[in-house]
Amino acid sequence: MIYDVLVAGTGVIGAMIARELTRYDLTVCMVEKENDVACGASKANSGIIHGGYDPEPGTLKAKLNTLGVDKLYATAEALHVPFKRNGSLVCAFSAEEDATVKALYERGQINGIPQLKVLTGEEARALEPELSGAVTSALHVPTAGIICPYDLTIAAAGNAMDNGAELVRNFEITAIDYAEGLFTLTAADGRTLQGKRLFNCAGTGSDKLAKLAGDDFFTIIPRAGEYMLLDKTEGSRVRHTIFQVPTKEGKGILVSPTVDGNLLTGPTAAVCDSRETTPEGLQTVGKLSAKSVPGVNFRSVITSFTGVRASEKNGDFIIEKSKNNENLIHVAAIDSPGLTACVAIAEYAVGLLGEMKENPNFCGDREDPHAFRHMTDEEKDAYIKAHPDYGKIVCRCETVSEGEIRSAIRRNPPALDLDGVKRRTRSGMGRCQGGFCGPYVMQLLAEENGVPKEAITKNGGDSYMVTGKL
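This note's numbering applies: residue 131 is where the sequence shown begins, and numbers increase by one.
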């Protein structure tokens, strides 16, 4: 089949672009090198909806951040992705940093960000009692929020599929040819895909993909961000997302609640060639987090992880047609605030294609995949009587039922491995990190896919969970 559009990469940007493309009368194929969507920066992300005070005025980052906040809230609502408008505080610890806070306020005014206010240290602590006594002032950003980045990516990709898009996984692009108006993508295993237009949304690999297509005008600088996730016993320690004043490396170490009730600390921002966490990086996260919120109990850490952001030396998003081929569109160097701007980025990027015929059957809403957890006890009781597998709890830490896991394995885009189930249902995200529920989730994956347990992986490739029976 020859597709109208190929989208290379299904992080939150590629997934949102694919969803936006299905608004039009186009055949769309998402091309992913991993075993699932959201396997790059979109699975290891702060999940912060940034207010828009930070980007340099006049840049694409500033424009699309400002436009993106309300668009993201509206889209998350349509896709039933949980979010909270919890607001943020950008904290200063000296007279010099007080001046930075005021400068950020002025920049926010230029960028058109509403409701910003500079608070004294006392006013900030009135909002957040556990804030350090060393905080001298803070920028209050009421429009900021938090969201689950992989939940958003999965929902966007699923909605694109609901509207006719296809998803091809485990397709690592090793060659790109263009002839007679068609792109031919060749995978490492020899498979090929063809399409009339190509969106390069390959994250940290977007410069390599550009070179395969004959473009060499940007180089991605990968920056590792190390995080620590704490148990839900720490989740209520702060209500706002707590930042320190940003530096040239990034927005700094934060302390924030998550939409699922945990507490998140991090990230670092080191140029890297690895996704591994390091003792030094985690020590930095702990030290700087305690600078903002001294009472954080790091004995409650349940996991740590590293995300790699795709930066570029000019510091702005790259969203443009190739100068060598107008049918190739690069959407690259989407670091922070890329998650916040993702819906606005999708609209902007797809808009580069010009006028197109609309898809009269497009539906931008999705049923709530988490509907069961939102039910009252009475509603759950009635639902379980009709669907008995929802009455069997598989993940005790997060109270996830067998019915929810089977649904995640069946629903677009289907979960194919343990981490896929984890991202869709939170089974395995609690204190025991899958120690209790993992074997049963393997059994359900095997049953639903008609394969032996030996074929089940943690995250695709050769990450097999078992090798056979003793």
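From the three backbone atoms N, C-alpha and C, an ideal C-beta is built for every residue, glycine too.
Note that this is a predicted model, so its numbers are computed, not measured.
query: Any idea what DSSP makes of M613, helix, strand or coil?
result: Only positions 131 to 600 of the chain appear in this structure, which leaves residue 613 out of reach.
- prompt: What are the start and end residues of the alpha helix (DSSP H) that includes T649?
  reply: Missing from the structure shown is residue 649; the chain here goes from 131 to 600 and no further.
Straight-line Cα distance separating D346 from A340: 6 Å
query: Going by the beta-carbon positions, is the gap between T322 and T314 smaller than 7 Å?
result: yes
field: Beta-carbon proximity check, V423 vs R353, cutoff 7 Å
entry: no
- prompt: Leaving out the 5 sequence neighbours to the left and right, which residues in its chain are closer than 8 Å to E450 when beta-carbon positions are compared?
  reply: I459, H460 and L482
query: When DSSP labels each residue in this structure, what does I539 get in the three-state scheme?
result: helix
message: Using a 10 Å radius around the Cβ and a threshold of 16 neighbouring Cβ atoms, would you call S366 buried or exposed?
response: exposed
I276 and G170 closer than 7 Å at C-beta: no
- request: Following the continuous alpha helix (DSSP H) through R327, name the residue where it begins and the one where it ends.
  value: No alpha helix (DSSP H) contains R327, which is instead part of the beta strand (DSSP E) from T322 to N330.
message: Using a 10 Å radius around the Cβ and a threshold of 16 neighbouring Cβ atoms, would you call E509 buried or exposed?
response: exposed
- request: With a threshold of 16 other CB atoms inside 10 Å of the CB of G242, please say whether the residue is buried or exposed.
  value: exposed
Straight-line Cα distance separating T377 from P569: 44 Å
- prompt: Are three or more beta carbon pairs between the region 153-161 and the region 489-498 nearer than 8 Å?
  reply: yes
message: Given this structure, state the Cα-to-Cα distance separating Y203 from G598, to the nearest angstrom.
response: 46 Å
- prompt: By Cβ distance below 8 Å, which residues in the same chain neighbour G560 in space, the five residues on each side in sequence not counted?
  reply: I432, C525, R526, C527 and E528
- prompt: Is N165 closer than 7 Å to N289 when the C-beta atoms are compared?
  reply: no
- prompt: Can you name, in chain order, every residue of its own chain whose Cβ lies under 6 Å from the Cβ of K173, other than the five neighbours on each side?
  reply: Y280
query: What's the C-alpha gap between K381 and K515?
result: 49 Å
task: State buried or exposed for R215, treating a residue as buried only when at least 16 other CB atoms are found within 10 Å of its CB.
output: exposed
- request: Buried or exposed for E162, please, with buried defined as at least 16 other CB atoms from any protein chain shown within 10 angstroms of its CB.
  value: buried
Nearest candidate by alpha-carbon position, reference R371, set Y133, T230, T414 and L257: Note that residue 371 is Thr in the sequence shown here, rather than Arg. For the residues Y133, T230, T414 and L257, the minimum Cα distance to T371 belongs to L257.
task: Throw me the rounded Cβ distance for the N246 and G238 pair, which I believe falls under 8 Å.
output: According to the sequence as given, residue 246 is Leu; it is not Asn. Contact holds; Cβ gap of about 5 Å.
- prompt: Buried or exposed: which applies to M358, given that a residue is buried once 16 or more other Cβ atoms fall within 10 Å of its Cβ?
  reply: buried
Beta-bridge pairing of R526 - partner residues as DSSP gives them: In DSSP, R526 forms no bridge with anything.
- prompt: Between which two residues does the alpha helix (DSSP H) harbouring D307 extend?
  reply: Run containing D307: none in the alpha helix (DSSP H); it sits in the beta strand (DSSP E), I303 to A309.
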